[in-house]
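One structure is given below, encoded as structure tokens.
Next up, the structure:
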């Protein structure tokens, strides 16, 4: 508090000096740590920069040709990026999954803007989902049909996560309301459902969907693996989303329920008009957090036989010409996941800050 | 405002709240039971067609596959049940080691995030964002490939810190060698801890009664450290480390853990520590500044403010999410199946592939992970009820 009396610093140099003193060399310990970190950065960053940029090879027929320069072999990415992103989708038709990715990103971006929330956005989502299926699956409008086995890579991850979110949300609402319901039977059922799925590791749910669900289907009926996995996403995600919504419901003061009751509103109208609009607004940050988790979980579907981004990289590095390019491949996939997840977490944080 | 009371007379029975509640619940449960019966019927027909008989008898058969590492003696001649027990112990070992290290590193990360040093705060933030925004399985693949493919052979092993060697055969660590005299040191340590606990209890009682403080921390520390140290010196320092040394083909001495185990533990710890760091930071920041200002105004010393006022309140908000994070770590350890470490899930999965008993194997998987999580979840809910702020 003593700084207030001091005269304002003159010129940029003292200001920078003051900043350095306050933020990097405040105490002897802080100064020592700063120097230590700076030393480590000087030792680590230039070699990394060398590897990633200076000595990197951007085009080459195989990784053996990259070895000459000794740096990163980004040629693996420039050669394989179409396969990593879209997998085995017919090469000539790959504009279709590219359009799907673009469409889903646009819809997600539009949903982030509070001013656009409303009926028009809901209609856009329904239309968008139909467009995704038409574009990916084909068979109509002169588009050649493409089997779900060939829906790979990035569009697969987005369809699983976004589709899982959209389809599980109604179920999650019902479960959250059920868990807070006065009816004991309903409450017990909701709690059992939520705790069952939250207690299981996601990969075990995926294995159940892949290995166990076919046994429970009517004899002779087969379903595409993709849809079984999507159902696993929906059932699993619903439990976590329900908990996020429940958090929002718990944050509504009891006075709101009582006021709505005293206005003569029945249970459903109370929920629809008074409680849920407030609760969902509070629940958005944890909902976004759950969605980020679901998007990261799409990296697990390769273990049940779907071709996600990681599996596509594995196919690429199986090629004798690119055996040890997994570093570049993983870096590419990590960058894709990071961009999506970081953007969403920043958005969620901006919402929290506004409240 | 018109209250629709006239409508209530028409069909009073159907409009009674209790009747409706009963009918609504009966409807839902009827639907659930109908679906389950239908699925059960399908399953029996399917199993009959595939010639698989349902039942857990197969668990007594010989497993026939290797499990490494195993905490209890295991040979492929053991039964499936025994193999699953070995896997379960591996899961618990990974979870226990992971929780300890993730907490320690997470605490450090949280404090670094709050440090006044701009550079260190930024660096910690970068670490947290990188870990939280990429899939764990991708990180595990990176660690595993670093240990298996990028790491050199034993002869050129990286010596990370003196005595710890990383090679493509695994990570060789020094371990304390067993020494008969050392057990006296341990007993002195246990006695010291017990005495310190008794002292803390007595000091608290006395302070409650008379208001007289007692320098508990210092004396307790002395009680814990001094007796074992004295015994240690008296016995002529009976302690040495069993250091790994390069043999003909691999390391001898110490303990060598497999690349799979090392990758799983390191990956889980580094990933979970980022989440724990954020919990620690949030917990400390959640204590309003007024609390520490008020404590200072009451005349408490700075270190007492942190220990007596800020930390107890921070811990209250930290414990539930922390428990959740431990639970996540235990559940995430199933990703062992991705890199081939024999945890409970991968062992059961191997059994599933060998026998085809999908329903039974998956039921056993669900049973174990559910009882693990539910017991922790139950504790957490009890604790939450205990600490939650009560409204009316």
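Residue numbers (the working numbering), protein chains in the order written: chain Z, 10 to 364; chain C, 35 to 426.
By construction, the Cβ of each residue, glycine as well, lies at the ideal position given by its N, Cα and C atoms.
Neighbour-count burial assignment, residue i, 16 or more Cβ in a 10 Å radius
i: residue 193 (chain Z); result: exposed
i: residue 320 (chain Z); result: buried
i: residue 67 (chain C); result: exposed
i: residue 100 (chain Z); result: exposed
i: residue 167 (chain C); result: buried
i: residue 161 (chain Z); result: buried
i: residue 173 (chain C); result: buried
i: residue 279 (chain C); result: exposed
i: residue 359 (chain Z); result: exposed
i: residue 127 (chain Z); result: exposed
i: residue 380 (chain C); result: buried
i: residue 72 (chain C); result: exposed
i: residue 26 (chain Z); result: exposed
i: residue 220 (chain Z); result: buried
Rounded straight-line distance, which links the Cα of residue j to that of residue i
i: residue 226 (chain C); j: residue 239 (chain C); result: 20 Å
i: residue 413 (chain C); j: residue 41 (chain Z); result: 43 Å
i: residue 38 (chain Z); j: residue 215 (chain C); result: 40 Å
i: residue 267 (chain C); j: residue 311 (chain C); result: 39 Å
i: residue 102 (chain Z); j: residue 168 (chain Z); result: 18 Å
i: residue 96 (chain C); j: residue 401 (chain C); result: 22 Å
i: residue 335 (chain C); j: residue 303 (chain C); result: 35 Å
i: residue 321 (chain C); j: residue 346 (chain C); result: 10 Å
i: residue 80 (chain C); j: residue 351 (chain Z); result: 45 Å
i: residue 58 (chain C); j: residue 188 (chain Z); result: 15 Å
i: residue 256 (chain C); j: residue 110 (chain C); result: 50 Å
i: residue 192 (chain C); j: residue 181 (chain C); result: 11 Å
i: residue 82 (chain Z); j: residue 313 (chain Z); result: 30 Å
i: residue 7 (chain Z); j: residue 28 (chain Z); result: With chain Z covering 10 to 364 only, the question about residue 7 (chain Z) has no answer from this structure.
i: residue 289 (chain Z); j: residue 258 (chain Z); result: 8 Å
i: residue 125 (chain Z); j: residue 119 (chain Z); result: 7 Å
i: residue 224 (chain C); j: residue 69 (chain C); result: 57 Å
i: residue 396 (chain C); j: residue 409 (chain C); result: 20 Å
i: residue 186 (chain C); j: residue 77 (chain Z); result: 21 Å
Closer than 8 Å to chain C by CB, residue i
i: residue 305 (chain Z); result: yes
i: residue 46 (chain Z); result: yes
i: residue 347 (chain Z); result: yes
i: residue 192 (chain Z); result: yes
i: residue 350 (chain Z); result: yes
i: residue 139 (chain Z); result: no
i: residue 252 (chain Z); result: no
i: residue 316 (chain Z); result: no
i: residue 204 (chain Z); result: yes
i: residue 361 (chain Z); result: no
i: residue 221 (chain Z); result: yes
i: residue 35 (chain Z); result: yes
i: residue 342 (chain Z); result: yes
i: residue 228 (chain Z); result: yes
Neighbour flag for residue i against chain Z, beta carbons, 8 Å
i: residue 392 (chain C); result: yes
i: residue 404 (chain C); result: yes
i: residue 279 (chain C); result: no
i: residue 55 (chain C); result: yes
i: residue 313 (chain C); result: no
i: residue 335 (chain C); result: no
i: residue 377 (chain C); result: no
i: residue 322 (chain C); result: no
i: residue 371 (chain C); result: yes
i: residue 168 (chain C); result: yes
Cβ-Cβ separation, residue j to residue i (assumed contact under 8 Å), whole Å
i: residue 100 (chain C); j: residue 178 (chain C); result: Contact flag wrong, Cβ pair sits at about 19 Å.
i: residue 345 (chain Z); j: residue 163 (chain Z); result: 7 Å
i: residue 296 (chain Z); j: residue 253 (chain Z); result: 5 Å
i: residue 283 (chain Z); j: residue 269 (chain Z); result: 4 Å
Residue j beta carbon less than 8 Å from that of residue i
i: residue 171 (chain Z); j: residue 98 (chain Z); result: no
i: residue 325 (chain Z); j: residue 114 (chain Z); result: no
i: residue 215 (chain Z); j: residue 241 (chain Z); result: yes
i: residue 156 (chain C); j: residue 290 (chain C); result: no
i: residue 306 (chain Z); j: residue 211 (chain Z); result: yes
i: residue 124 (chain C); j: residue 378 (chain C); result: yes
i: residue 277 (chain C); j: residue 208 (chain C); result: yes
i: residue 318 (chain C); j: residue 148 (chain C); result: yes
i: residue 114 (chain C); j: residue 143 (chain C); result: no
i: residue 248 (chain Z); j: residue 202 (chain Z); result: yes
i: residue 407 (chain C); j: residue 208 (chain Z); result: yes
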